[in-house]
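Data first, discussion second: the structure below is written as structure tokens.
Chains as they are written, first to last, in my numbering: chain C, 1 to 122; chain E, 123 to 703; chain S, 704 to 1279.
Given below as structure tokens:
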């Protein structure tokens, strides 16, 4: 890995500006999330997505501040706004894959945050 | 220079001066407790707080540098209330049993409480319940009385570089102990007593052996004899109201006889004897190349302990001559006994030393029994002697000067200056000069070895020979000297010194761990001055001219380093572990 | 992606009803296949009845009645028009600067940070600004230390910059010891590179080449994530020699704490890194002049450093527009206690406590009224409910007898006892006092003794005067901030709740029912079935009576163990 120079740092900035968020699922994996059971949820999501060949990346992310709602799972799939599900357990994680990711459904009584437009970065 | 105001009075001092010192300059005394003039401030007690106009915060006067334009108030109602409350807090965590304490009437906490007019204990009494450590039978650690000022730790770690003492646990449970929570006797402690010398309370005190001594003095079967060290005579006066450094040799002889000692000797005689043996040793090594250089003095038992524990690979550099105390001790039960037809088994030899480590030295190894008996039965500190004099109803101030028993009591100026740092070196060089040139040097010829500088390095010229010497006092200063020597030896370069003197206590024995409390550099200087003045007024200034030394060799020992000298007056050294068990 | 969010924000449970109403209306308008309706758990609005949010337009309506629905569906949803009279003005009050990347990027992937514009701040400082200009930018921003001290950042860095030395150091203070505070933990776990970038900027501006992270050992995840960030930065040339091709070189080492709150104090932290006992030292000299190994050292809080890159990418002026006149920028608070939405909130300085608690925090957790808010951890105080409209900034909180501290904010309700709270914090200080100075070491223990006896109904009136006397000595004569602020919770609760203290002393009552020894247990005769279970379970035979005439508790004998209360099957024992 060659070391960064100020010019290729520039390239990252440009990449950042032009970047469109691709489909991704983010699991809150800070201590608050892990204490609430996020590691299990992360594993379940990874396995499920792999088994079903869904080609969607499962990422770790930090604590967004909504600690009372952990484990938090943010789901960004095309045509839908970015949705953050909270108090996710193993069962619900499977439901997220099944109904939201595959079927494009938004699941009632579990959403803690929604981003205004699709593909927007914070 | 900084200009500021303290209590409305202008003061001008150098940058970096603390508020405490600036106030002293204009005769304002800010109360302190944990601060010791020798040591950097630990800022622990919170008594020395003062205010600066324009800020509600309190500053600690002992460690805050005064700054341009400051307007300090040292005394007002608020400060007084806070200081008093802090003292009451400290007393709430203290046994407050002064009447049974080693520092009764001589305790810094007691004095502070008296000055502040403490009349009640308003808060809950919080008992510490810690076990005392008497394991060394030399230095007692009574952790219950400790006010956690940190002076002993500072001294043991930073000044002495021994690192035997430490704080353990935290918060209200903090206590002092040998590091690692072991017995002090099992630790690297070299018994120098500097911790006790700096302790403001009775938390660290010497192991009292006055009862043992009284018992012997009152025992009709025992023939008690005593020797006093050079440094004692210029410090004992402090217990009786004399000015600093006053030489009270005559009164000491008289007092000791009144206590009941049948013979009074002087360790300064032993010092003259040590010079004879050691200077001869030096000539052997320096002139005749019969032994490794540098030669390092060994009359300080803390230093010997330190060398055996930390630098045992340098043991061959030690002079094998015993300390002056040990020499007088062994001779009292052989030479003196023979000369006076006394059964040596009945002789009870007491030494009065400015030192706590001498209590260790007297049973250090089997050579300390060279007379066939324990050469010295008890070693007492200056403090213990002053208590005994007071208990015996002796009016010390009113005494007529007495005389010693000349046979082991007459000394030269060379012997008495042993008590000051550089004194051993100076005395030895005077005799070495004679051995090399056949003539006496001037008594101030080696003045450059005097003074309180931590490491003194100088070269003296004797008849075309350049003798490089080093004098270190305070064990923390010895590392520099030893490292220099070791490096030269390892790199096969020219050794930096031929002759080295080491004293464990800063200032030399005058600042010893057994001296009256409250030692400062000022006191070290006055006490040393007292010794140098004693040197000046003596009839003889050179150890080799002491008539009683000459008699000793003629009648008994033969000559320096003779077989008999070796048997009685020399010792061996062994590596010792830092931690026992 | 047309979505309608529905939430019943005051918990009156009418969602099902409204859900159906909206579905009906959508059907009637013929647009049900174009719109997704979903019930959400949190819509960012609290206590405003039924709320509805339309995306992507963003129109939000609150306090809806069933009659409102058809009109909204037609005008706002179908026709996409804003109904001005009904539109809600409630906005999200959080401003995420420090937490900008937390929950967004992958903290274990440096590419993730770079792709959000990471290290652009460093680039500006290295190549586009002169060092004096960078310092000026920080001055304009008004950023103050977020660890609790509130000292202007530019000034601290300038002192170190101006002091000549062969070596200088930058330390990030990740010791975060306040109970209930975990803002720094989340930043270190969620966006470690932002802190690294801050340290690099600090290092360049003060002239340091070595940095230390001091992280408490109780944060293993933070430690491993920071270590990964350091390793990755090294690999990418953002640490080491000639960073980004400049002549600035910097390396970072991680050091762990060992369980001492006092090592969050900067001089004790330095002692800890030097391998010594974690004892504070007197200041002056200040670390920026004489710190680690006697060299100029800047020590900054995690949150402070995380702000630095943004000040350079968005400008000091931009930063200074956020916040209050004396306190610029945002503050992350760990909002906990009797609050619905406990967690981390990042808000502009100057927001009121009321807004934080009710507009972001979702209001009180259960039916008890709010009593006070505790800020600043064991160094802080309580702010009683009368002052909830105070704008939160450094100076205002101090005036009220508390401090900002590192950001702990605990909501207290009527079931909490103020004496118990003061006792809790004093116990913490006694535990964590390093023991070096007498005022703190002994003073805190004594204060705890008095608080304990007050909580047990064993104190006398003059004990409050003694408590205050000791508090003054501890506050004024302690060596470091731990001792100097340890009396704050006591003094603050005494200031606003002295009556509660007096009730404990004079009436031997604890109105919140928290102080065990002051609880009185009584048998409610009407509910009592005379089964004698309590009688048989009392360890001190304080209950007397029989199955016929009933039972009675002798409160003199009672040791308040609560056994009777626990074993009674008929809820016939009252406690209070």
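The beta carbon of each residue, even a glycine, is placed where N, CA and C say it ideally should be.
| Item | Value |
| --- | --- |
| Could you tell me whether the Cβ atoms of residue 1063 of chain S and residue 1076 of chain S are closer together than 9 Å? | no |
| With which residues is residue 123 of chain E paired in a DSSP beta bridge? | Bridge partners of residue 123 of chain E: none, in fact. |
| Do residue 1218 of chain S and residue 1132 of chain S count as a contact pair if the criterion is CB distance below 9 Å? | no |
| Quick check on the DSSP output: the beta strand (DSSP E) that includes residue 346 of chain E runs from which residue to which? | 345 to 350 |
| On the DSSP bridge assignment, give the partners of residue 954 of chain S in chain order. | S/913 |
| If you measure from the beta carbon of residue 1012 of chain S to each beta carbon in chain C, is any gap under 9 Å? | no |
| Have a look at E/282, E/559 and E/148 and flag the residue whose alpha-carbon is nearest the alpha-carbon of residue 427 of chain E. | E/282 |
| What residues of chain S sit near residue 59 of chain C, judged by a beta carbon separation below 9 Å? | 808, 809, 812 and 815 |
| When DSSP labels each residue in this structure, what does residue 438 of chain E get in the three-state scheme? | helix |
| Please state whether DSSP places residue 523 of chain E in a helix, a strand or coil. | coil |
| Considering only the alpha carbon of each residue, which of S/758, S/1238 and S/846 lies closest to residue 1010 of chain S? | S/846 |
| Quick test of the definition: if touching needs 3 or more C-beta pairs under 8 Å, does the segment 451 to 466 of chain E touch the segment 481 to 498 of chain E? | yes |
| Going by DSSP, name the residue or residues bridged to residue 1003 of chain S. | S/875 |
| Taking only beta-carbon positions, decide if residue 91 of chain C is within less than 9 Å of chain S. | no |
| Is there a Cβ of chain S sitting closer than 9 Å to that of residue 293 of chain E, yes or no? | yes |
| Would you please state the rounded distance, in angstroms, between the beta carbons of residue 1208 of chain S and residue 1141 of chain S? I believe it to be under 8 Å. | Wrong, their Cβ atoms sit about 28 Å apart, outside the cutoff. |
| According to DSSP, is residue 1031 of chain S part of a helix, a strand, or is it coil? | strand |
| List, in order along the chain, the chain E residues whose C-beta lies closer than 8 Å to that of residue 1138 of chain S? | 270, 289, 291, 292, 293, 294, 295 and 296 |
| Buried or exposed: where does residue 830 of chain S fall if 16 or more other Cβ atoms within 10 Å of its Cβ makes it buried? | exposed |
| In the DSSP assignment, what residue or residues form a beta bridge with residue 623 of chain E? | E/593 |
| Any idea which residues DSSP pairs residue 1036 of chain S with across the strands? | S/1048 |
| Hey, how far is the Cα of residue 626 of chain E from the Cα of residue 875 of chain S? | 42 Å |
| Please list, in chain order, the chain S residues whose beta carbon lies closer than 7 Å to that of residue 177 of chain E. | Result: empty, since nearest Cβ-Cβ is about 11 Å, beyond 7 Å. |
| Give me, in chain order, the residues of the same chain whose beta-carbon lies closer than 6 Å to that of residue 120 of chain C; leave out the 5 immediate sequence neighbours on both sides. | Because residue 120 of chain C carries a pLDDT of 42, less than 50, the predicted location of this residue cannot be relied on, and no value is offered for it. |
| According to DSSP, is residue 1166 of chain S part of a helix, a strand, or is it coil? | helix |
| Return the residues of the segment 50 to 82 of chain C that lie within a Cβ-Cβ distance of less than 8 Å from chain S, sorted by chain order. | 59, 60, 61, 62, 63, 64, 65, 66, 67, 68, 69, 72, 74, 79, 80 and 81 |
| Starting from residue 109 of chain C, find everything on chain S with Cβ-Cβ shorter than 7 Å and list it in chain order. | 742 and 744 |
| Do residue 1005 of chain S and the ligand NAP come close, with the Cβ less than 8 Å from some heavy atom? | Because no ligand of any kind appears in the structure shown, any question about the ligand NAP cannot be addressed here. |
| Pick from S/746, S/765 and S/823: whose alpha carbon is nearest that of residue 10 of chain C? | S/823 |
| Whose CA, out of E/164, E/161, E/162 and E/172, lies closest to the CA of residue 153 of chain E? | E/172 |
| Kindly list the residues whose CB is nearer than 6 Å to the CB of residue 368 of chain E, restricted to its own chain and excluding five residues on each side of it in sequence; keep chain order. | 359 |
| Can you list the residues of chain S that residue 3 of chain C reaches, using a CB-CB cut of under 9 Å? | 938, 939, 940, 941, 943, 945, 946, 947 and 948 |
| Nearest-angstrom Cα distance between residue 1104 of chain S and residue 144 of chain E? | 36 Å |
| Just mark residue 410 of chain E as buried or exposed, buried being the case when its beta carbon has 16 or more other beta carbons within 10 Å. | exposed |
| So, residue 1067 of chain S versus residue 1102 of chain S, is the Cβ gap smaller than 9 Å? | no |
| To be precise: take each residue of the segment 241 to 256 of chain E, compare its Cβ to all Cβ atoms of chain S, and keep it if any distance is under 9 Å. Which residues remain? | 244, 245, 246 and 248 |
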